[in-house]
Structures are given as structure tokens and as C-alpha cells.
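Below: one structure, written as C-alpha cells.
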Amino acid sequence: MRGFNSMASELRAIYSSLEEQVKDRTSDLTRANEALERQRDDLERLNTKLAKETEFKSNLLSMVNHELRTPLTSIITFSQISRESCLDEQADERAKWEEIEKNAQILLRMINDMLDMARSDSGNISASCEPVDLGDVVASVKSTMAPLAKKYQVGFSTSVAPDVPLVMGDYEKIARMLENLGSNAIKFTPDGGSVRLTVEYNAASDSVSLKMADTGIGIASEDQTRIFDKFFQVDSTSTRKYNGSGLGLALVREYAQLQGFSVGVESALGAGSVFTIEIPSDCIVGDDIGV
1 MRGFNSMASE
11 LRAIYSSLEE
21 QVKDRTSDLT
31 RANEALERQR
41 DDLERLNTKL
51 AKETEFKSNL
61 LSMVNHELRT
71 PLTSIITFSQ
81 ISRESCLDEQ
91 ADERAKWEEI
101 EKNAQILLRM
111 INDMLDMARS
121 DSGNISASCE
131 PVDLGDVVAS
141 VKSTMAPLAK
151 KYQVGFSTSV
161 APDVPLVMGD
171 YEKIARMLEN
181 LGSNAIKFTP
191 DGGSVRLTVE
201 YNAASDSVSL
211 KMADTGIGIA
221 SEDQTRIFDK
231 FFQVDSTSTR
241 KYNGSGLGLA
251 LVREYAQLQG
261 FSVGVESALG
271 AGSVFTIEIP
281 SDCIVGDDIG
291 V
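Numbering follows UniProt numbering, in which position 124 of the sequence shown is assigned residue number 124; successive positions increment by one, without gaps.
Here is the structure:
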């Protein structure tokens with residue numbers, strides 16, 4: 001009996017120690033997430049200043065690349081590993097790691113947009129031209145968008161027609177175009193809404209259409225000609241409510257032009273939006289793929 005009581009006491013001590021460790025780790029996670037959110041806000045303020053003071057852009061982007069981008073990649077990787085290692089009963093801790101990962105991904109996407117736009121302005125951006133399976137691209141984009149859609153409680157679905165052919169283009173830039181369109185659509189769609197990415201082949205014009213349709217707040221007609229401009233935000237209220245750099249759509253247009261594609265939008269306030277990327281016949285490989 002004495003041995004049993006001793007064992008019970010040891011187990012209680014171990015349990016108490018584990019509780020303290022969990023509390024300490026949760027506190028560390030909370031502080032890390034708060035620091036990450038502050039860093040994101042700091043970057044947005046820097047980006048606003050960049051829009052007004054473009055002469056400082058090169059130095060700022062160099063700092064962003066070395067001081068933020070590299071450690072962010074490590075944060076994302078560590079967050080993913082830690083999240084996946086959480087036990088079933090550690091739901092709260094897993095949620096905190098997911099929040100850290102999401103904020104880091106948002107910040108990294110903003111940084112990448114800024115860096116690519118700087119390369120574009122300096123004439124140092126280019127696109128490869130090789131056969132691309134759009135089914136593979138869409139699958140990758142869907143995986144990337146899933147956590148963001150879950151966070152905003154927005155449905156995200158995809159569809160690739162079976163007769164869609166291979167196209168000539170840059171796999172990474174096509175994916176970035178769709179990710180930028182997708183993240184915009186998700187952010188501007190209320191809870192319970194939906195975003196759908198469809199890819200279809202148009203036999204009459206021998207072209208491929210990639211459409212990102214949402215049930216979001218829509219875009220006023222007077223703003224539709226400007227939304228692809230660098231740093232353009234619909235209004236200051238949207239800028240505060242919806243985080244973003246104002247570069248995502250500008251890069252979509254830049255990437256489209258680099259590859260010989262076109263991009264456009266159809267929208268109305270309160271009626272959602274449909275962004276369309278058109279891949280012309282001279283960028284079609286010709287052999288159909290099964291998707």
C-alpha cells in the first residue's frame with residue numbers, strides 16, 4: 001500500500017509539472033503570435049510609406065528580404081512541425097500554431113509581392129516558358145488556400161475540365177497569380193460565402209480560361225479600371241479592415257503580360273466578382289490531359 005501511495009504521489013507531481021510546462025508553452029506561443037501580428041502591422045506601415053516615397057524602395061526591400069523573409073521561412077517551417085506534433089488533447093496549442101503559421105504566410109506573401117514588384121520596376125523579372133499542367137497548378141493552389149479559407153469561414157472549391165490542354169507558361173507565376181486572386185477573393189467574401197476556381201478550354205477560340213469567382217462584396221464600376229494599379233486600395237476603410245499590400249492584383253497583371261496572357265474582371269457592388277485569366281491559342285500545347 002505504501003508503494004502504491006508513493007507511486008500516486010509521483011504521478012501527481014509529474015502531472016503538475018506537465019501542467020506548468022503546458023502553461024508556459026502556451027504563454028510563449030501567445031507572445032510569439034502577438035509579436036508576429038505586430039510585425040505584420042509594421043510591414044503594412046512600411047509598405048504605405050513605400051507607396052509615397054518610392055525613392056527609398058530599393059533599400060527598404062533589401063532590408064525586408066534579409067531581415068524578414070529569411071526568418072519567416074524558419075518560423076513557418078517550425079510552426080508546421082510543431083502543429084503536426086501536437087497530440088489530440090492539445091487542440092488549443094495546435095490552434096495557436098495554426099494562427100502563427102497563417103500570419104507568417106500572409107506576411108511572407110506580402111514580402112514576396114513587394115520583392116517581385118521591385119524586380120519588375122527595375123526590369124529584372126522574367127518568366128519561363130515550358131509545358132504546364134493546369135490540373136497540378138490548381139491542386140497546389142487549393143492546398144495553399146485551404147487554411148486561409150478555413151480561417152475566414154469561406155468555402156473554396158476548384159474544377160478543371162477534362163479537356164483542358166497543357167499550356168506554355170511559368171508554373172510558379174501561374175500559381176502565384178491564382179493565389180493572389182484567391183486570397184483577395186477569400187478576404188473580401190463574408191463568412192459563409194464561397195470562392196470557386198474553374199479552368200475551361202474554349203474550343204472556338206482555342207484558348208483556356210481560368211476564373212476565380214466569389215460571392216463577396218463586389219467592386220464598384222469606377223474602381224474596376226484601377227484595381228490592377230500598384231498600391232491601389234478601394235478606400236481607406238477597406239485598407240484597414242482587409243490586410244494587404246495593394247500589390248497582389250498589380251502582380252497578377254504583370255505576370256499575365258510576361259507570359260502573353262490577359263486578365264480582366266466582372267463585378268458589381270454586393271454581387272461578387274469574377275476575375276478571368278485568358279491563355280491564348282499561341283500558348284496552348286495542343287495535347288489534352290486528363291485531370
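Just so it is clear, CB atoms sit at the ideal spot from N, CA and C, and this is done for glycine as well.
Check, Outcome
"Drop a sphere of 10 angstroms on the beta-carbon of S183, count the other beta-carbons inside from all chains shown, and report buried for 16 or more, exposed for fewer.", "buried"
"How big is the Cα-Cα spacing for M63 and L107?", "15 Å"
"Note the first and the last residue of the continuous alpha helix (DSSP H) segment covering F78.", "70-85"
"With 16 as the cutoff for other CB atoms within 10 Å, does K96 come out buried or exposed?", "buried"
"Using the Cβ count rule (16 or more neighbours within 10 Å means buried), how would you classify K23?", "exposed"
"When the Cα of L210 is compared with those of A256, G216, G193, A250, which residue comes out closest?", "A256"
"According to DSSP, K211 sits in a beta bridge with which residue or residues?", "T198, T276"
"Let me know if A91 comes out buried or exposed under the rule of 16 or more other beta-carbons within 10 Å of its beta-carbon.", "exposed"
"Measure the Cβ-Cβ separation of K142 and T158 and say whether it is below 9 Å.", "yes"
"Pop quiz: G264 and P280 are said to be a contact at Cβ under 8 Å. What is the actual Cβ separation, rounded to whole angstroms?", "Actually they do not touch by this definition, with Cβ atoms about 13 Å apart."
"Please state if the CB of T215 and the CB of V199 are separated by a distance shorter than 9 Å.", "no"
"Please state the DSSP three-state secondary structure of P162.", "coil"
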